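Structure follows, in structure tokens:
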């Protein structure tokens, strides 16, 4: 028998099911950024319908694929209560190292990619050890690594693009089922990461450590190891993103990943991840990445003056966060 | 501006011929090769004589000159150094390249002091940082002729250098406008992007728009967008620019990443564009060779530094040289792209 549940408000009025549904939806944390995203797409499409042209959509998705891969790692790390400012430089380092190994040293492409990702993981490990074991602030450690890794990229590449790369690299940027490889890699990583965060013990430990480290340790969670793992994951994903950009460009450019660090952190925070740790989701973080990309692209397509675009991006970002706070206070979630 | 440091100057300055005429007029005395051992502070001493035919016969054998610059592993800087070194060798100078690992001006100052200590008859210095100005003034005050290259020194600075050779962004911006206007038949829309809104790129973009307006009034030039220096983000922004206007027929970028940015964007948006960007790097030259990019602007980094050596010789030989020389930056198209591959091969970059 179908039982229809109708909520009775203190005033005695019956809430309509649609209203209940709306309230339930608004309690979902990701709904705030999703609504902001829908509004942004609608506004930009109204201003210039070509904003929703396939080429623009694909370009935006391809761009967020690179930053999104980094965003997945950064989101997990921030949920664990830390953050990494070196991701953009590690992306460049991964790209340059892979490019040099395959072009100058003749390493097979898959092996070069594996070494580059392993290097990213190692950089993450160093960040993690200095932060978690030595006790240095992540801000200082990863800021230092930002400069060191970028500098190393320039040294290894001789200050210029590593070019040409072997022809086989193009397979890393080939289209599969009509979409560039990077988008599929990003989608796979995002789905796995979301499942890990929602369903696995590792995901629960990340939330526990980020939410309250002492309580997590009392509960038997080895917080240091969890944070180290998150740092390593972030480094590895950053290097992988760099390799995918390298494949798209056909050269190992030491400028890959320039300014990604703040863009990624801003995006995941807009997507509902708290910088204090313990709160947020991969889905929300990626919606944040998509939202900022949509706004950046939409401002260009709408013909907004170039010098005003950063102002607009910043304003929209703050507005989106503000709206989400209002939603959170009124409906929870 | 260092990412734009690629280019060629089709002909050397005619300094030597001008200098020869001046020599004949001023009949300045010339030192012999015997005084080459005295290398310190001899820069402005006359070392020229005139042959019976009126040609300059100035011995600079053994004169010590230095190229003091940053970023020794940077290919752009290596091309600059090659221009200096090869010309110095041709002329018989004892030329030395002193380059630092990075762009820290303090290291350049240390290298400059080292050159002065070891003895210098002249120096070529790219004044890329104002922190170098006091050293240039100090060396000039001590009688060492200095030629500054590539970056212009503000008019307000009186550093005493003999010549300032640098490319002119207004010139190559206008040249790019002429080429694009011609290629698109004087109609359509042109997108413009910059790596950043710095004075040099602003000048190039503004001169492009002004020249287009003057020569091809039916061509609409969009306001410049900042593509930045991150390649993936730059391509994405260029695709957005293309989506904003379906009449865009060409794109001009004032930065070295521009050719790759616009070639990538045209590919993603499946648009046929006439593209002009900066710098003759190998990837950019390949894009020109393949036809994906119509042309790149070639800043004359090799020639600038070869000409700087010519200017040093003229000064050492007692000639007057122009205080400021604007170096022409030609376009590299499919017609002359092989010359630039040869240049890169020759300079080992």
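Protein chains in written order, with this note's numbering: chain U, -5 to 327; chain W, 9 to 357.
Glycine included, every Cβ here is placed at the ideal spot set by N, Cα and C.
Keep in mind that this is a model prediction, so the values were computed, not measured.
Secondary structure note for residue 174(W): its beta strand (DSSP E) is the uninterrupted segment 171 to 175. Taking C-beta atoms under 8 Å as the contact rule, residue 205(U) and residue 34(U) fail to qualify, at a distance of about 31 Å. By the 16-neighbour rule on beta-carbons within 10 angstroms, residue 254(U) is buried. For residue 57(U), the chain W residues whose C-beta falls within less than 7 Å of its own C-beta are 240, 241 and 244, listed in chain order. By the rule that beta-carbons nearer than 9 Å mark a contact, residue 267(U) does not touch chain W. Any Cβ of chain W closer than 9 Å to the Cβ of residue 178(U) would place that residue at the interface, and such an atom is absent.
Residue environment analysis places residue 270(W) among the buried positions, since at least 16 neighbouring C-beta atoms fall within 10 angstroms of its C-beta.
When C-beta distances to chain W are compared with 8 Å, the residues of the stretch 233 to 256 of chain U below that value are 239, 242, 243, 244, 245, 247, 249, 250, 251, 252, 253 and 254, in chain order. Proximity of the stretch 276 to 295 of chain U to the stretch 54 to 67 of chain U meets the contact definition, three or more beta-carbon pairs being nearer than 8 Å. Counting only the Cα atoms, residue 350(W) lies some 41 Å from residue 79(U). Cβ proximity to chain U below 9 Å picks out 294 from the stretch 293 to 324 of chain W. Using a Cβ-Cβ cut-off of 7 Å, residue 198(W) is close to nothing in chain U; its nearest Cβ partner there is about 15 Å away.
Contact between the stretch 144 to 162 of chain W and the stretch 122 to 132 of chain W is established, with three or more Cβ pairs separated by less than 8 Å. Annotation: residue 104(U) to residue 162(U) spans about 10 Å, alpha carbon to alpha carbon. Not flagged as an interface residue toward chain W: residue 126(U), since no C-beta distance is shorter than 9 Å.
Contact between residue 314(U) and residue 264(U) holds, since their C-beta atoms are separated by about 6 Å, short of 8 Å. Under the three-state reduction of DSSP output, residue 216(U) falls in the coil class, being neither helix nor strand. Within 7 Å of the CB of residue 234(W), the CB atoms of chain U belong to 300, in sequence order along the chain.
According to DSSP, residue 229(W) shares a beta bridge with 198(W). For residue 155(W), DSSP records a beta bridge to 132(W) and 171(W). Where residue 123(U) is concerned, there is no enclosing beta strand (DSSP E), because DSSP gives it neither an H nor an E. About 3 Å separates the beta carbon of residue 225(U) from that of residue 122(U), a gap short enough to meet the 8 Å contact definition. With respect to the 9 Å criterion, residue 199(U) and residue 215(U) are classified as neighbours on the basis of their beta carbons. With a beta-carbon spacing of about 6 Å, residue 232(W) and residue 300(U) fall inside the 8 Å limit used to define contacts.
In this structure, residue 273(W) sits away from residue 245(U), with a CB-CB distance that is not shorter than 9 Å.
Spanning the alpha carbons of residue 140(W) and residue 117(W) requires a straight line of approximately 7 Å.
In the three-state reduction of the DSSP assignment, residue 80(W) falls in the coil class.
Taking all protein chains shown into account, residue 354(W) has fewer than 16 neighbouring C-beta atoms within 10 Å of its C-beta and is therefore exposed.
Bridge partners of residue 174(U) according to DSSP: 169(U). Between residue 74(W) and residue 99(W) a beta carbon distance of about 14 Å is seen, past the 8 Å cut, so the two are scored as non-contacting. Check the Cα spacing between residue 308(U) and each of 321(U), 98(U) and 257(U): the tightest is with 257(U). The residues 16, 288, 293, 306 and 340, in chain order, have a CB closer than 7 Å to that of residue 348(W) in the same chain once the five nearest residues on each side in sequence are set aside. Take the alpha-carbon of residue 297(W) and the one of residue 32(U): they are about 43 Å apart.
Chain-ordered, the chain W residues with CB closer than 8 Å to the CB of residue 60(U) read 240.
Taking 8 Å as the cut-off between beta carbons, the residues of the stretch 31 to 44 of chain U near chain W are 42 and 44, in sequence order.
Between the stretch 193 to 202 of chain W and the stretch 210 to 229 of chain W there are three or more C-beta pairs closer than 8 Å, enough to call the two in contact.
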